[in-house]
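K.L.:
Before I ask anything, let me first share the structure, which is written out below as structure tokens.
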């Protein structure tokens, strides 16, 4: 389907056209034990440690003063990513995802130097709202992991044993390299998955969510039209309706 195709196309871009920067970020959301780590480990095995960077401490390794995650790497993975870190560093995160030039690295005890940022960006998280998604977002694609093999140690051991075989690694690589991605528009073709829409809706201002609720759900129970079929509301009435909604959401 389109959701899977986009993810496969993204991986193909990493391997087939390493000179091109992916300008979107894949976010994988799901509970622990659903295979997010096995997925990124697969990419590490195929890429090698030199150009693959993974961290559980994005605050320091990606957004910190001496962060060097995007220095000469092809894929940066923020593992177990937290919303408080991503929301706090949103502008920086957006820049790292899309900007190829203008990035400086300031390693400890070295002079800062500029780099060409060709790395793709992935986020794995257990949090339902891991990043802020505005209505005009053009950077993020969100996937919810399948719980079918959740904490199935036998299945994941079998998979990791399979991955150790170099011929299987080669088969994965050849499969990705063989894909045609010339016509992919990385922004326009982003799939609006149900996980993406849920995350984006959760980021809406509360009053916008209330307006949707009022019109779709609450309106028909609270109001009656006049003889001409016109609905009228006093400002105090709407204010109380919003207050009731806000109170219910905070419980």
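In the numbering used here, the protein residues as written are 66 to 316.
The beta-carbon is built from N, C-alpha and C at its ideal position, and this holds for glycine as well.
Note that the coordinates shown come from a computational prediction; the quantities given were computed from them, not determined experimentally.
1) By the DSSP assignment, the alpha helix (DSSP H) with residue 110 in it spans what residues?
2) In this structure, what does DSSP give as the bridge partners for residue 120?
3) By the DSSP assignment, the alpha helix (DSSP H) with residue 224 in it spans what residues?
4) Please name the residue in 201, 113, 128 and 260 whose C-alpha comes closest to that of residue 253.
5) What did DSSP end up calling residue 188 once you bin it into helix, strand or coil?
6) So, for residue 90: in the same chain, excluding its five sequence neighbours on each side, which residues have a beta-carbon less than 6 Å away from its beta-carbon?
7) According to DSSP, which residues form a beta bridge with residue 179?
8) Quick one: what's got a C-beta closer than 7 Å to residue 158's C-beta in the same chain, skipping five residues either side?
9) Does the count of Cβ pairs from the region 98-107 and the region 255-274 closer than 8 Å reach three?
10) Cα separation between residue 293 and residue 310?
11) Just checking my contact of residue 191 with residue 145 at CB under 8 Å: how many whole Å lie between their CB atoms?
12) Work out the CA separation of residue 295 and residue 153 for me, nearest whole Å.
P.N.:
Checking against the coordinates, here is how it stands:
1) Looking up residue 110 in the chain shown gives position 45. Here the alpha helix (DSSP H) through residue 110 covers 101-112.
2) Numbered from 1 along the chain shown, position 55 holds the residue referred to as residue 120. Answer is 143.
3) The residue given as residue 224 occupies position 159 in the chain shown. Taken as a continuous stretch (DSSP letters only), the alpha helix (DSSP H) holding residue 224 covers 218-228.
4) As a working mapping, residue 253 is identified with position 188 in the chain shown. It is 201 whose Cα lies nearest to the Cα of residue 253.
5) One-based indexing of the chain shown puts residue 188 at position 123. It is a strand residue.
6) Locating residue 90 in the chain shown gives position 25, counting from the first residue. So the qualifying residues of the chain are 162, 186, 204 and 205.
7) Mapped onto the chain shown, residue 179 falls at position 114. Residue 179 pairs with 169.
8) Here residue 158 corresponds to residue number 93 of the chain shown, with the count starting at 1. 151, listed in sequence order.
9) no
10) Indexing the chain shown from 1 puts residue 293 at position 228. Indexing the chain shown from 1 puts residue 310 at position 245. Cα to Cα, the separation comes out at about 29 Å.
11) Walking along the chain shown from the start, residue 191 turns up at place 126. Walking along the chain shown from the start, residue 145 turns up at place 80. That pair is a contact at about 7 Å.
12) Mapped onto the chain shown, residue 153 falls at position 88. Mapped onto the chain shown, residue 295 falls at position 230. So the alpha carbons of these two residues sit roughly 45 Å apart.
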